[in-house]
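Residue numbers (the numbering used here): 54 to 170.
This is the structure we're talking about:
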């Protein structure tokens, strides 16, 4: 049985090149938007935390996903997320049709504001 990743680098190393590139892009955007956030693995997924879980991301067989850890953030950005498959706390996308970097940064900033309130 394959061991579970304990770092984001280990998680990303287990993915195909296309998924890895898409998730590395998210990782860099989150790092830029929240430079003091700590990387971790949460529920088997790469995540960032600032006292509490900030955001997470991951890959499945047929898509990648970004998890704002908040239903209110996704509902606030419903118009901007309209071209992606979403549920209360999940944004799914294809690696070749990634989330815009500005949108990732906006989600992170909204999430930080929500956590601070």
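Cβ atoms here follow ideal geometry from the backbone N, Cα and C, with glycine treated the same way. All of these numbers come straight from a predicted model, not from anything done at the bench.
- Between the alpha carbons of residue 78 and residue 158 lies a distance of about 11 Å.
- Residue range 105-112 is occupied by the beta strand (DSSP E) that includes residue 111.
- CA-to-CA, the gap between residue 116 and residue 99 works out to about 15 Å.
- Annotation for residue 118: the continuous beta strand (DSSP E) segment containing it runs 117-120.
- Of the candidates 133, 84, 91, 97, the residue whose Cα lies closest to the Cα of residue 59 is 97.
- When DSSP states are grouped into helix, strand and coil, residue 60 belongs to the coil group.
- At a Cβ-Cβ threshold of 8 Å, residue 164 and residue 121 count as neighbours.
- Taking C-beta atoms as the reference points, residue 119 and residue 94 fail to come closer than 8 Å.
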